[in-house]
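One structure is given below, encoded as structure tokens.
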DNA sequence: ATAGGGTTAG
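Structural data, given as structure tokens:
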């Protein structure tokens, strides 16, 4: 008979039936109390609510209460009118504080109640489970057990929900046990919550076991297990269950399908996606906003932009999310221009962008390298008050870095208070990609000193910086760190390492790492193929490319660029031509400007200047600077004034920003002793304000990198270096070296030699030889192409000193040893 | 329901 008390709803409407409640009504089995219940006597006395209480103006006011603010205004009235200890008000207060999200205030009322009805426990537990921490809910549940309040089924469902949300498997299992002990092991609601808990704890097998044992199931329990499979990445299983539920005469609803679609999207499985879409249409759900939005996102992620766009365009009630998904689709498919068009369209239509929209737009701007649009998006932030969203700030830093404005990125970074690991990673990479190696490395050490844990992204960024630095010592150090941090199975990290070792001249180490990798991306292959190419190991490069073609990773446009330029460096003209053909024929890849440039380089370098020129004439698109630049370079190597002039004319029409092409032409004239024309080119250059990039060579000694500019005397050891070069010059001349002074005009012979001796690479080599022990290999990096005389001299230097000298120039490596160079004088 | 930072080439 006491069970009826539980049917007192804490909500107002029921109160009018207070009198009927006290008459006996049959109880539901799971709500029954044992007769020894501690509140047995006091309860029946308290169920009657006198009319002066429920008709009190304050009670009416409380009935009209709709917010926490109003509740706080009514509370003093309750106390003032001496109603605080009335059952009606206790009931309402406990429940309303929970309803408005403050179980702690609810608890204050609860604790003040002398004879606590079970409903108070139930209400407060629900309040804790829904609004507070799992800890609060759990410890209140323990207290409830201690106070000998018998749990009811929805105590378990709320608790299970909180346990699942916190992925607390250990306590989830414990409560599952108690649930069974209390006889709810076959209860539909209880078991659905158990299924959900196991699924949320990623124990999908256990979840299914529970689902399978349920004696009855409803739509919610089917949706729970289907969502469980979907969210654990089993889209196929989820779809199977959708079919199975129909066999068991349970019709899926839109929620069923809207949980399956994101899983399909994550899998990027267009086939499964289409069959879900088919079901959506047959069930007539295709006009629902959330379904079409999920479909747009699914098709976008499956790179089926046409279909995504079709559904998107047909939606007459688009939401921000559907716009965002559409923009993301274009960004992911590397169509940033389209992405920006959609973004602009969205603004025009008056939709207010969210942080996700802004991030997507910034991503597109970064891919385009479009600073102006990037700034436009940046300006929008202030209007939208999104300027304090860390994620947005991270995207901004990345955007500015990719648009070559690393200084702006750095300023944003410095002013940002709430940096996350992502922020640090974006900044380090930004520095690295803009050639600011020192900044990148000091940013990394700052990050470490602030005890921010590094991850694979950090590692990739630092390795990218060190690849640029190309110092073997640092390369080995970071490799050690990769191993110590257990990141040596990460494809991105390992690919960066392969590239870094190749750039340090340690091509065999690079290959060892490459061979050890279990998983490789197309970039991994590209890095290795290009590594061989820049080392002049054309055969190895081609072999690796052929091996790649046998595997499952498909070559991309960059692969072809790498392999063709590898052929170019090694004079493999036939192979290069064949790959160029195959690119379109076998892989459907359209050659871009760079590919044409590489082909002209291939033909031209091999001395087939006329073929190269013909090749340019037959190009289907207008040749760009890089193509004629390759032609001009080839003309310089093969001393062809006529074609060189033709190529240069084209280049100058295109207004290059760099002075390098004028220098090339002037070198061609110099070699041909056409001094007047040479002088003319130099004058034009000056008039246009074009600068010759100064030659600069780097050499690392212990923990420092020393840089030498052509003709510079600013290094502390400068005097010694020049003196050393003098004596070294005598030694190599004795061994057969003849200075190549042909390209210098107007000065005495000894001055010509002095000029040659002040080339940056010679200074760097001399410095390296002076400061290292005999037998040590010298590593040099030069920003331009190594000059002919220096190349020849270095061969002799390696002979007379017995040193190995490795020079990395703008395009490739030269390994000098015993008087010869790995490039075979073909470069 | 949508999301931030990653490797190759130039």
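Residue numbers (UniProt numbering): 1 to 827.
Every residue gets a Cβ at the ideal spot worked out from N, C-alpha and C, and that includes glycine.
For the pair residue 343 and residue 364, the CB atoms are nearer than the 9 Å cut-off. Between the region 479-496 and the region 708-717 there are fewer than three C-beta pairs closer than 8 Å, too few to call the two in contact. If you look at residue 705, you'll find it in the beta strand (DSSP E) that goes 704-709. For the pair residue 426 and residue 401, the CB atoms are nearer than the 9 Å cut-off.
Residue 65 and residue 71 have their alpha carbons spaced roughly 6 Å apart. Under the three-state reduction of DSSP, residue 304 is assigned to coil, being neither helix nor strand. When rounded, the separation of the alpha-carbon atoms in residue 759 and residue 656 is 25 Å. Going by beta carbons, residue 201 and residue 147 fall outside the 9 Å limit. Taking one beta carbon from each stretch, the region 548-566 and the region 518-526 have 3 or more pairs nearer than 8 Å; the two touch.
By the Cβ criterion, the region 132-145 is in contact with the region 101-121, since at least three pairs of Cβ atoms, one from each stretch, lie closer than 8 Å.
Contact check for residue 814 and residue 786: beta-carbon distance about 6 Å, within the 8 Å limit, so the pair qualifies.
Residues of the same chain with a CB within less than 6 Å of the CB of residue 164, apart from the 5 flanking positions on each side, are 196, 197 and 200 in chain order. The residues 169, in chain order, have a CB closer than 7 Å to that of residue 203 in the same chain once the five nearest residues on each side in sequence are set aside. Taking a 10 Å sphere around the C-beta of residue 735, we find fewer than 16 other C-beta atoms and assign the residue as exposed. Straight-line measurement puts the Cα of residue 692 at about 36 Å from the Cα of residue 509.
When the five nearest sequence neighbours on each side are left out, the beta carbons in the same chain lying within less than 7 Å of the beta carbon of residue 500 are those of 463, 466, 467 and 475, in order along the chain. Under DSSP, residue 815 shares a beta bridge with 806.
Residue 664 and residue 633 do touch by the CB rule: their CB atoms are close to 6 Å apart, below 8 Å. Per DSSP, the unbroken alpha helix (DSSP H) holding residue 397 starts and ends at 390-402. Here residue 781 carries a strand assignment [DSSP, helix/strand/coil]. Taking C-beta separations shorter than 6 Å and ignoring five residues to either side along the sequence, the partners of residue 472 in its chain run 504, following chain order. Listed in chain order, the non-local C-beta contacts of residue 176 below 7 Å within the same chain comprise 194, local neighbours out to five positions each way being set aside. Here residue 410 is not near residue 398, since their CB atoms are 9 Å or more apart. Annotated three-state conformation of residue 124 is helix, per DSSP. As computed with DSSP, residue 698 is found in a beta bridge with 707 and 781. With a beta-carbon spacing of about 7 Å, residue 672 and residue 639 fall inside the 8 Å limit used to define contacts. With contacts defined as CB atoms closer than 9 Å, residue 596 and residue 626 qualify as a contacting pair. Here residue 319 carries a coil assignment [DSSP, helix/strand/coil].
By the C-beta criterion, the region 747-764 is judged not to be in contact with the region 677-687, since fewer than 3 inter-stretch pairs fall below 8 Å. Short of 8 Å from the beta carbon of residue 616, and not among the five residues preceding or following it, lie these beta carbons of its own chain, in chain order: 596, 600, 623, 627, 628 and 631. In the displayed model, residue 821 falls within a strand according to three-state DSSP. Our two residues, residue 737 and residue 792, have alpha carbons roughly 7 Å apart in a direct line. Within the UniProt repeat "PPR" (319-353), complete alpha helix (DSSP H) segments of at least 4 residues are found at 320-332 and 336-348, given in chain order.
Note on geometry: alpha-carbon atoms of residue 234 and residue 225 lie some 11 Å from one another. Contact between the region 216-231 and the region 171-185 is absent, with fewer than three C-beta pairs closer than 8 Å.
Straight across, the Cα-Cα distance linking residue 551 with residue 587 is about 14 Å.
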